[in-house]
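As numbered in the working numbering, residues 9 to 187 make up the sequence shown, in order. Quick reminder that beta carbons are idealized off the backbone N, C-alpha and C, glycines included. Okay, so here's the structure we're looking at.
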Amino acid sequence: MSRIGKLPVAVPSGVDIAIDGPLVTVKGPKGTLSHTVAEPITVEQGDGVLDVKRPDDERQSKALHGLTRTLVNNMVVGVTEGYEKKLEIVGVGYRVLSKGPTQLEFQLGYSHPITFNAPEGITFAVETPTKLGVQGIDKQLVGEVAANIRKLRKPEPYKGKGVRYSGEHIRRKVGKAGK
């Protein structure tokens, strides 16, 4: 039995859950998220919890069991607390400016500034010119937007310059040997 899949998903007060066949919709104080559950897996609503069930022990069912439970749990956490991914910018002259809660302007050593627009449901928080946060209720979308920002200038291994996740360790290489 899947250790993750058999755990019930706790539903806090203030969160409404609607199950319409394979479609699970979670509504909370921060917004609404929905997910279509894959074919053999079913989601049942109990007393303050959600149970994710699988009909058999086939390989595909086992694989989807824990995944579905985690996706439903991420939706519940997202509409109650939300998610945030923090990024850091390292490099001389590299910085970020906030042009509103959904638009950023980066100076990353290119000849021009880069403007980055947030998709719907994502907001940015610029703490300092070298630290920023990506916030939203959809964990998958927050991670994807953070990865796209990091992709603008990946950290390089010699000086470590670029955009990195907060707390990310960059493997460093030694430069060329001097005479």
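| Asked | Found |
| --- | --- |
| The segment 108-118 contacting the segment 177-187, beta-carbon criterion three pairs below 8 Å | no |
| For L116, the three-state DSSP class (helix, strand or coil) | coil |
| Beta-carbon proximity of H43 to V84, cut-off 8 Å | no |
| Status (buried if at least 16 other CB within 10 Å, exposed otherwise) for G101 | exposed |
| Element boundaries [alpha helix (DSSP H), containing K159] | 147-159 |
| Distance, G151 Cα to K61 Cα | 28 Å |
| Local Cβ density within 10 Å of H73, reported as buried at 16 or more and exposed below that | buried |
| For A18, three-class secondary structure by DSSP | strand |
| Burial state of D55, where buried means 16 or more other Cβ atoms lie within 10 Å | exposed |
| T40 versus D59, V104, L15, E128, residue with shortest Cα-Cα distance | E128 |
| Sub-8 Å separation of G144 and I157 beta-carbons | no |
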